[in-house]
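Have a look at the structure below before the remarks.
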Amino acid sequence: MANELNLALIIVLIIMAIGLAFSIGANDETLASLIGAGVLKFKIALIIGGIALGSGMIIFSQGFVPETVGKSLLGEGLEEQYTNYMLLTVLISSIFWLVVGSFAGIPLSSTHSLIGSIVGVVFVYALLQGGVDLNTAFNYEKLRDVILSWFISPLMGLLVTYVLFKIVAKFFLSRLRGLNQIEKSERSFKWMLLFVVLFAEIWVGANSGEALGILLGLRENNSISSGEYIGFVFICGIFSFLGIYFAARYVIKNLASHMIDTRPSEGFIIQSSSAIILMIATLFGLPISHSHVIVFCIVGLSIAQKKELDYKGLAKMGVFWILTFPIAAILAGFIYYSLSMFGFS
Amino acid sequence: MIEIDEKELNRLSIDKLTQLFMDVINEQTIILIEGIEYLIEENFENFETNLKTVIKANTEVQIKKKFESRIFKSKLMFSKADRLKLFNKINDIKNIGEFLANKMLLYKVVFPDEEFKLQILSILKSLKVISNSIANAVKSIGSDLGKAHDICENVKDERRKMRKEEWRLLNRLYNYDMDYLSRTFLYLKELIETIMMLADHIKTFSEYIQFLATKYLIFD
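Note that the protein sequences, when read in sequence, are chains A and B. Residue numbers 3 to 347, in the working numbering, belong to the letters of the first sequence in order. Residue numbers 111 to 330, in the working numbering, belong to the letters of the second sequence in order.
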């Protein structure tokens with residue numbers, strides 16, 4: 003009976019992880035600047051973008067961000083392993099908080115929500131289980147690096163975009179005098195934008211470790227084999243592609259229609275900066291919020307162009323940015339505590 | 111009048127089509143202004159010929175159609191809307207000019223005195239200046255937005271001068287003797303106000319070109 007229940011739980015976790023991979027694709031708006039600039043036909047852009055996202059996810063599935071989420075955040079006290087109920091709680095909590103955020107119209111980060119949930123679950127687990135010391139339950143060094151990266155990555159995005167724009171403006175854009183010249187140069191930027199968006203898309207896939215982190219957690223506690231893990235990674239990659247192709251098209255179309263006036267050179271600078279930040283964070287195995295990085299890249303460009311900033315919108319984002327982590331942690335802790343009361347730990 | 115060859119049109123870029131369109135409209139505006147000058151000289155025959163030329167002219171329609179089909183399929187995304195708006199603003203010069211020509215043909219006025227004639231000639235001279243200037247500004251958009259911006263500044267200055275002249279003229283018109291023929295009064299009032307309507311449109315247009323320069327030029 004216990005074995006059957008555990009098997010059912012593993013199946014549920016795998017299905018949820020695949021669903022999460024689909025939602026990563028469905029919520030990805032990286033392609034909007036490409037569509038807005040009219041570089042490629044809509045469906046072709048979705049297919050190429052989806053392939054890039056899925057490839058990023060698959061290529062960086064052995065280690066990097068999935069390893070941080072599924073293993074490295076845990077300390078020796080937990081032998082770097084989650085129980086399946088812990089993984090279930092992490093998923094329920096982070097999905098619940100994201101759904102609440104979506105209905106309330108609050109911009110939330112799935113990465114912050116997931117890591118917050120992990121912290122809440124591990125904290126309650128350590129308190130409930132005798133013999134698990136809180137000091138060894140977490141890999142505090144890794145946790146510190148992850149949280150620090152949430153502050154550093156947006157600021158770096160802002161700085162990189164600011165500097166990149168100043169360089170491009172000084173040596174190129176400011177030398178263009180007429181609209182014909184500007185249009186001609188923007189046509190070149192359109193093609194550069196194509197490459198940089200696909201490059202960014204790969205790193206978005208690589209840094210979106212939520213789904214693969216859960217699968218890696220299952221692999222680490224021997225619920226699935228290494229071969230099965232690779233198989234499910236491929237399925238996740240395919241589902242993230244399907245997420246972009248079938249679900250993200252609406253948000254991309256909507257965003258793109260607002261970006262028709264945006265110059266491809268601006269899109270190129272923003273996407274280059276965010277791709278660089280995502281790449282560095284991924285190579286260090288740090289899960290960061292892509293949305294926050296992009297927003298700060300746009301802020302960096304606005305500052306460089308001396309444009310007005312929406313301080314109210316930024317403040318709202320900042321508040322929820324800070325609140326997401328503790329709320330997700332409390333929620334996950336509460337859910338896990340409730341499950342434990344019924345003997346599911 | 112500028113002659114247009116269909117084959118030649120097919121070879122022109124969006125920018126060149128805009129420039130050609132501007133040239134055609136400017137040429138018609140100048141013919142209209144010269145027609146009003148004939149009216150001042152009481153040369154009614156030439157006045158009628160010029161104004162009817164402006165009304166009947168439709169060479170610009172050919173260019174407009176070509177431009178619209180070209181911009182619809184154009185892959186320019188970020189500047190497409192601005193190019194289209196620019197073209198429509200040029201087209202509005204023609205619309206106002208045609209409106210003015212039709213209105214002026216309703217009656218053949220004799221101007222009250224020499225002073226009035228001189229004042230209205232001064233307004234027409236300024237209108238010619240701003241019409242030619244806006245044509246030059248439009249031609250500079252493709253090659254030098256900074257230059258276009260500066261030309262538009264001159265257009266705005268000239269239009270300010272016209273506004274002062276307009277008030278002087280209206281003041282003079284409203285203070286003529288009471289036995290003054292009301293039809294003449296109405297006609298002259300309409301003439302002055304419609305000329306200024308055209309000048310105001312050119313001034314708004316020049317502000318739009320300055321907006322484009324501000325939008326597209328990047329300074330380090």
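Ideal placement from N, C-alpha and C gives every residue a C-beta, glycine not left out.
Roughly how many angstroms lie between the CA atoms of residue 2 of chain A and residue 148 of chain A, to the nearest whole one?
No answer is possible for residue 2 of chain A: it lies beyond the span of chain A, which begins at 3 and ends at 347.
Shortest alpha-carbon distance to residue 35 of chain A belongs to which of A:24, A:25, A:47 and A:28?
A:47
Mapping DSSP to helix, strand and coil, what is residue 76 of chain A?
Look at residue 76 of chain A here: in three-state DSSP terms it is strand.
Quick check: is any heavy atom of the ligand SAH less than 7 angstroms from the C-beta of residue 191 of chain A?
The ligand SAH is not part of this structure, which contains no ligands at all.
State buried or exposed for residue 223 of chain B, treating a residue as buried only when at least 16 other CB atoms are found within 10 Å of its CB.
When all chains shown are included, residue 223 of chain B counts as exposed.
Mind checking if residue 251 of chain B is an interface residue toward chain A, Cβ cutoff 8 angstroms exclusive?
yes
Quick one: which chain A residues come within Cβ less than 7 angstroms of residue 185 of chain B?
40, listed in chain order.
Taking a contact to mean a Cβ-Cβ separation below 8 angstroms, would you say residue 66 of chain A touches residue 233 of chain A in this structure?
no
Of all the CB atoms in chain A, is at least one closer than 8 angstroms to the CB of residue 217 of chain B?
no
Residues in its own chain within less than 6 angstroms of residue 327 of chain B by CB, not counting five upstream and five downstream?
255
For residue 1 of chain A, the three-state DSSP class (helix, strand or coil)
Because chain A here runs from 3 to 347, residue 1 of chain A falls outside it and cannot be looked at.
For chain A, check one thing: does any of its Cβ atoms lie closer than 8 angstroms to the Cβ of residue 255 of chain B?
At least one beta carbon of chain A lies nearer than 8 angstroms to the beta carbon of residue 255 of chain B.
What does the Cβ neighbour count give for residue 328 of chain A, buried or exposed, with the cut at 16 atoms within 10 Å?
exposed
8 angstroms Cβ cutoff, residue 318 of chain B in contact with chain A:
no
Assign residue 84 of chain A to one of two classes, buried (16 or more other C-beta atoms within 10 Å of its C-beta) or exposed (fewer than that).
buried
Tell me whether residue 249 of chain B is buried or exposed, calling it buried when 16 or more other Cβ atoms sit within 10 Å of its Cβ.
buried
Establish whether the CB of residue 312 of chain A and some CB of chain B are separated by less than 8 angstroms.
no
Closer than 6 angstroms by C-beta to residue 299 of chain A: which residues in its own chain qualify, once you throw out the five before and the five after it? Chain order, please.
159, 163, 272, 275 and 276
For residue 76 of chain A, tell me which candidate among A:203, A:241 and A:125 has the shortest Cα-Cα distance.
A:125
Would you list the one or two residues that DSSP bridges to residue 140 of chain A?
A:76
Looking at the structure shown, is residue 217 of chain B part of a helix, part of a strand, or coil, going by DSSP?
coil
I want to see whether chain A comes within less than 8 angstroms of residue 125 of chain B, judged by CB atoms only; does it?
yes
Determine whether the Cβ of residue 191 of chain B lies closer than 8 angstroms to any Cβ atom of chain A.
yes
What are the residues of the region 172 to 202 of chain A that lie near chain B, defined by any Cβ-Cβ distance shorter than 7 angstroms?
172, 175, 176, 179, 180, 181, 182, 184, 185 and 188
Does residue 321 of chain B get closer than 8 angstroms to chain A when you measure Cβ to Cβ?
no
Do residue 55 of chain A and residue 246 of chain A have their beta-carbon atoms positioned less than 8 angstroms apart in this structure?
yes
8 angstroms Cβ shell around residue 198 of chain A - same chain, five flanking residues per side excluded
The residues are 270, 273, 274 and 277.
From residue 302 of chain B to residue 280 of chain B, what distance separates their C-alpha atoms?
8 angstroms
Going along the chain, which residues of the region 257 to 284 of chain A sit with their C-beta nearer than 8 angstroms to a C-beta in chain B?
262, 263, 264, 265 and 266
At what residues does the alpha helix (DSSP H) containing residue 247 of chain B begin and finish?
224 to 251
If you measure from the beta carbon of residue 188 of chain B to each beta carbon in chain A, is any gap under 8 angstroms?
yes
Assuming residue 49 of chain A and residue 238 of chain A make a contact with CB atoms under 8 angstroms, what is their CB distance in whole Å?
No, residue 49 of chain A and residue 238 of chain A are not in contact; Cβ-Cβ is about 18 angstroms, not under 8 angstroms.
If we ignore side chains and look at the alpha-carbon of each, how far apart do residue 93 of chain A and residue 219 of chain A end up?
12 angstroms
Residue 207 of chain A and residue 59 of chain A - do their beta-carbons sit closer together than 8 angstroms?
yes
With a threshold of 8 angstroms between beta carbons, is residue 197 of chain B in contact with chain A?
no
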